[in-house]
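Trainee: This note's numbering puts the first residue of the sequence shown at 1, with every later residue one more than the last.
Can you keep this structure in mind? I'll have questions shortly.
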Amino acid sequence: MNSSDTVVRGTPVGRRQEWVPATTLAVPTVWLATADGLVLLDLVAIELAINGLRTRDWSLTGPEIAYAADFLLQRGTDRTQIAKLVGSDYRTIRSWFPTNDTTLSEALTRVRTPAEHNRRLRERRSAEHPPARCGTYKGAKRHQRRKEPLDEACQLALRAADRHYRAHGTYAGCPEFPA
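Set out below in structure tokens:
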């Protein structure tokens, strides 16, 4: 029997004395009501993660990461350590929990699935970069990418851009035509 295997009165069988319990063995999963609907939390996975036993073979879902981060923040754990334990980025934890007083319900409203994150990223990029104008090389390429017929201004721009490329070796600075 090792020194780490010592039995301590009041410690459940199979757990070390310094083990941080997140669940009882009678309640391995919990349905959590959020503003977006019900979320299933695997408390056994959360408990393993907060005790440093998460392997690279599995990862926590967004709501599970938020629950574990909230649990660890209440215990005074540093955010970089939390990010390491739950397998998330430090910036993500910081964005979900901007202050130490941020509640779990507030953090869960910031948790997004990868599909939602990608959709919002596309929307933000499209707002930053308006679509290419007709009468430019990029506008003509946009028509081709969408398999649309080229209008007259885009046809002129595409021909002029090809001549410009043959002369200069780049499409930068090619002429534009009014649409």
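Even glycine gets a Cβ: it sits at the ideal position worked out from N, Cα and C.
Since this is a predicted model, take the numbers as computed values, not measurements.
#1: Considering only the alpha carbon of each residue, which of V27, I46, R124 lies closest to G87?
#2: Do you know offhand how far G62's Cα is from L158's?
#3: At a cut of 8 Å, does the region 111-120 reach the region 71-91 through at least three beta carbon pairs?
#4: Around the Cβ of Y67, are there at least 16 other Cβ atoms within 10 angstroms (buried) or fewer (exposed)?
#5: Is V8 buried or exposed, if buried means 16 or more other CB atoms sit within 10 Å of its CB?
#6: In three-state terms, what does DSSP make of W96?
#7: Does the Cβ of R54 have 16 or more other Cβ atoms within 10 Å, making it buried, or fewer, making it exposed?
#8: Out of L38, E176, D162, state which residue places its alpha-carbon closest to the alpha-carbon of T170.
#9: Within a Cβ cutoff of 7 Å, which residues of the same chain sit near A35, ignoring the five residues on either side of it in sequence?
#10: What does a CB cutoff of less than 7 Å around F71 pick up in its chain, not counting 5 residues either side in sequence?
Mentor: Short version:
#1: Taking the sequence shown and counting its residues from 1, one reaches residue 87 at position 87. Out of V27, I46, R124, I46 has the C-alpha closest to the C-alpha of G87.
#2: Working through the sequence shown from its first residue, we reach residue 62 at position 62. Working through the sequence shown from its first residue, we reach residue 158 at position 158. Spanning the two alpha carbons is a distance of roughly 46 Å.
#3: At 8 Å Cβ cutoff, the stretches do not touch.
#4: Along the sequence shown, read from residue 1 onward, the residue named residue 67 stands at position 67. So Y67 counts as buried.
#5: For this step, residue 8 is matched to residue 8 along the sequence shown. The pLDDT assigned to V8 is 47, lower than 50, so where the model puts this residue is not dependable, and the model offers no usable value.
#6: As a position in the sequence shown, residue 96 is number 96, starting the count at 1. W96 falls in the helix class under three-state DSSP.
#7: One-based indexing of the sequence shown puts residue 54 at position 54. A residue is called buried once 16 or more other Cβ atoms fall within 10 Å of its Cβ, and R54 is buried on that count.
#8: Locating residue 170 in the sequence shown gives position 170, counting from the first residue. That would be D162, whose Cα lies nearest to the Cα of T170.
#9: Translated into the one-based positions of the sequence shown, residue 35 becomes position 35. Excluding sequence positions up to five before and after A35, its CB lies within less than 7 Å of the CB of T109, all in the same chain and listed in chain order.
#10: Here residue 71 refers to the residue found at position 71 of the sequence shown. The residues are A22, I50.
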